[in-house]
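Sequence lines, in order, name chains A and B.
Residues in the first sequence are numbered from 26 upward in steps of one, following our numbering.
Residues in the second sequence are numbered from 202 upward in steps of one, following our numbering.
Notes follow once the structure below has been shown.
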Amino acid sequence: MIFARICSFPAADLGQVNKHFRKAKMYFYIQTLLNGLMYGCTYSLIAIGFTMIFGTMNLINLAHGDVIMVGTFVGIVLVTYLKMNLLTTFIGSLIGAIVIGLLVERFCFRPLRTAHELAPLISTVGASIIIEEVFTKIFGSYTVEFPNPFTFSGIKMGDYYIRTNYLIVLILGLVFMVLTYLLIDKTKLGRAMRATAENFHAASLMGININRIYQMTFVVASALGGAAGFLLGISTSSGTTQMGFTATLKGLVVIVLGGMGSIPGAMLGGILLGIVEFESVFILGARYRDAAAYLLLFVLLVLKPAGLLGEKTEER
Amino acid sequence: MGYWQTLITYSSFNIILALSVYIVLSTGQLSVAQAGFYCIGAYVSAMGTMLWGIPLIPAILLGGLLSSLTAIAMGIPVLRLKGIYLAIATLAFSEIVRVFFHNLKCGHFIKADITGKVADQWLGPDGAVGFSFITYNLDHGITPLEYFGLIILYVIILLVFFYLLEKSRMGYGFSAVRQGDAVASFLGLNITRIKIIAFSLGGFIAGVGGGLYSHYMTVIRPEQFDFSLSFLAIIFVAIGGTETFWGSVFGAVLLTFLPEWLRVLKDYRMIFYGLILIFMMVYRQQGLIDRDLLRVLRKYLGKRR
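Quick look at the structure:
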């Protein structure tokens, strides 16, 4: 490693050594920062779908991680067994995730519209258990490979390296964020969604079909989940059936960091979480990776409960 | 006999966890940190008996006390939050606790057997490996049956406590806060104080439960106390019923026995478990046991309210 080479400099030239040492350390900080930023984009993608459902329905979908997992596994099946190209696989992932998302909406949310806030949490945990078990029955509990051409490729930018798959995730993540923003802010459907989020009784009196809006929200959120699953599969070149739970948890952390229901917040929160996790591994060691992320979350919740980009409300 | 004793022991641990969630929930606050308090109780009491030489019951109480203090320390900053935000803050706190014990290493080596042929073993919390050889019961001649009695005794004490609490001034205060902060403050109640009391009691109940758990299992690992344990405890309460503590007790017992009854379904039982969770929430959101059912039961048993 570079450290070892620097340490074997002649002792007389201490100033020079320190200079190089600082430079090398700086180099690693920046490279870690880049990796964290890139990896954080997958967290952002996970969180955008999450935050959409919260934004429209004021409910948390704890099965969203499993929708993402379905996206990954549909992709794996299409690539490995049906030998499809990446674009068709991507569309397949979206469709698979949308189907599962609609099922979750139909059976876990629609009957519970007027229930207290704990009920949908439990019912989606039930859905999450079912989806995970069914997929574990089919694919086993081992890590399955997601073959893709980007596994070992990287791009050199100056002194720093960027993995191609992370770059794809970053670009597609930004594209999806803009598309979602346009959908919600500029279309008629988006206006109906916002009206429903504001007050669904009033919205239904204005002639908005609430069931259809909730369905559309789930279609869009699950499509984003499917895309996230596909990109997660590509960026790690693998998938496990247990990844749904991890994805749910990371998604929760991110949407709270960014502000519940805020889509730019989810994007920013994801990148922030990625950077914090990678830098804490580099500075503190891998054992403290989760602690750093949760400490950040805890402190932020106590100091600024609305999240980084959340709207201010009285009751948080 | 051993089968039933084990199952009843496990249901007791689950009852303890469910009640610790219930007492916080009875002030309208959802805490996902109970696994963290359980973890503190388990580790501290085990360190008390094995490393610091404290007798069993004081050590378990020490664990409970420390959990309770931690709950207060956590409660003061996070109780400004509500609903899902509070849930996530407590979840974050619980994970911080778990990572702390994940990295904690203290204690000393012990000879694993008298002949010295087996390699030395580490006594004390050993990071991710956890705390092994919590052999206090074995060393001091406490039989499994006696220890079983201790666990049952604790559960009975808790049931009596909750029964009295429901009828007490404090219990009415709890349910007033649950109805709404505005109502409760209108009645002249100190809301923050009531919530903190509920948090500290929940921490104490879970901490003592953790101490009993670690001395029963003799081996604990930090991974056992992650958020899925907290979720499980919340599921017990939600399935059993959120309106009365009998609901939590019933939910904990039912969901401990359910996987055993579902054994006929072999590998598909987790799928049925999930289906039951969804059906329960769709058709009976208040949980299996609610106030109306209790009233009917009391009438049936010929008691007056």
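For each residue, glycine too, the CB sits at the ideal point set by N, CA and C.
Computed from a prediction, not measured in an experiment: that's the story for all the values here.
Residue i, DSSP secondary structure in three states
i	result
Leu309(A)	coil
Arg188(A)	strand
Ile421(B)	strand
Phe451(B)	helix
Phe201(A)	helix
Ser247(A)	helix
Ser333(B)	strand
Lys500(B)	helix
Lys329(A)	coil
Pro35(A)	Confidence at Pro35(A) is low in this model, with a pLDDT of 46, below 50, so its placement is unreliable and no value can be given for it.
Trp253(B)	coil
Leu277(A)	helix
Arg30(A)	Its pLDDT being 42, under 50, Arg30(A) is placed unreliably in this model, and the coordinates cannot settle the point.
Met231(A)	coil
Arg314(A)	helix
Gln240(A)	helix
Ser246(B)	helix
Arg341(A)	The pLDDT assigned to Arg341(A) is 40, lower than 50, so where the model puts this residue is not dependable; a value taken from the coordinates is nonetheless given after this. Here Arg341(A) sits in coil by DSSP.
Glu444(B)	coil
Lys108(A)	coil
Gln56(A)	helix
Leu334(A)	coil
His341(B)	coil
Ile164(B)	Because residue 164(B) is not part of the residues shown, which for chain B are 202 to 506, the question remains open.
Beta-bridge pairing of residue i - partner residues as DSSP gives them
i	result
Leu324(B)	His309(B)
Thr179(A)	The sequence given here places Gly at residue 179(A); Thr does not occur at that position. Looking at the DSSP assignment, Gly179(A) forms a beta bridge with Arg188(A).
Ser232(B)	Paired residue(s): none; Ser232(B) is not in a bridge.
Ser263(A)	Glu170(A)
Alpha helix (DSSP H) segment containing residue i, residue limits
i	result
Gly165(A)	No alpha helix (DSSP H) holds Gly165(A); DSSP gives it neither H nor E.
Ile435(B)	428 to 441
Ala274(B)	257 to 279
Pro136(A)	Note, Pro136(A): premise wrong, no alpha helix (DSSP H); not H, not E.
Gly121(A)	111 to 129
Gln380(B)	370 to 380
Ala290(B)	284 to 304
Thr210(B)	203 to 226
Leu103(A)	89 to 105
Thr212(A)	Premise fails: Thr212(A) is in no alpha helix (DSSP H) and is neither H nor E.
Tyr474(B)	470 to 484
Contact with chain A by residue i, beta-carbon distance below 8 Å
i	result
Leu476(B)	yes
Gly237(B)	no
Ile436(B)	yes
Tyr286(B)	yes
Leu282(B)	yes
Gln380(B)	no
Ile261(B)	no
Ile406(B)	no
Asn304(B)	yes
Phe294(B)	yes
Closest Cα partner of residue i within the set the options
i	options	result
Val356(B)	Phe480(B), Ala453(B), Gly374(B), Ala293(B)	Ala453(B)
Thr21(A)	Ile156(A), Ile193(A), Thr105(A), Ala246(A)	Limits of chain A in this structure are 26 at one end and 341 at the other, which puts residue 21(A) out of reach.
Ile479(B)	Thr168(A), Asn173(A), Ala140(A)	Ala140(A)
Leu292(B)	Phe428(B), Thr445(B), Pro460(B)	Phe428(B)
Gly117(A)	Val129(A), Thr266(A), Ile85(A), Ile93(A)	Ile93(A)
Gly276(A)	Ser263(A), Ile300(A), Gly250(A), Thr265(A)	Gly250(A)
Val298(B)	His309(B), Cys307(B), Gly276(B), Thr271(B)	Thr271(B)
Arg495(B)	Leu456(B), Met251(B), Thr443(B), Arg464(B)	Per the sequence shown, the amino acid found at residue 495(B) is Leu instead of Arg. Answer by Cα proximity: Thr443(B).
Leu322(A)	Thr445(B), Ile289(B), Ser369(B), Ile343(B)	Ile289(B)
Ile510(B)	Ile241(B), Pro278(B), Ile261(B), Ile258(B)	The displayed coordinates of chain B run from 202 to 506. Any statement about residue 510(B) would go beyond what the structure contains.
Phe362(B)	Ala434(B), Ala383(B), Pro326(B), Ile224(B)	Ile224(B)
Asn173(A)	Gly258(A), Leu62(A), Gly290(A)	Gly258(A)
Gly89(A)	Ile154(A), His45(A), Lys162(A)	Checking the displayed sequence, the identity of residue 89(A) turns out to be His instead of Gly. For the residues Ile154(A), His45(A), Lys162(A), the minimum Cα distance to His89(A) belongs to Ile154(A).
Tyr414(B)	His309(B), Ile335(B), Leu282(B)	Ile335(B)
Asp184(A)	Ala316(A), Tyr319(A), Ala311(A), Leu59(A)	Leu59(A)
Ile343(B)	Ile258(B), Gly308(B), Leu360(B)	Ile258(B)
Asn236(A)	Leu137(A), Lys44(A), Leu107(A)	Leu137(A)
Phe134(A)	Pro145(A), Phe255(A), Glu223(A), Val124(A)	Pro145(A)
Tyr75(A)	Asp91(A), Leu111(A), Val324(A), Met63(A)	The amino acid occupying residue 75(A) in the given sequence is Phe; Tyr does not appear at that position. The shortest Cα separation from Phe75(A) among Asp91(A), Leu111(A), Val324(A), Met63(A) belongs to Asp91(A).
Ile288(A)	Phe79(A), Glu223(A), Asn86(A)	Phe79(A)
Closer than 8 Å to chain B by CB, residue i
i	result
Val306(A)	no
Gly299(A)	no
Ser148(A)	yes
Ala15(A)	Past the boundaries of the shown model lies residue 15(A); chain A is included only from 26 to 341, so the question cannot be answered.
Asp315(A)	yes
Ala144(A)	yes
Phe323(A)	yes
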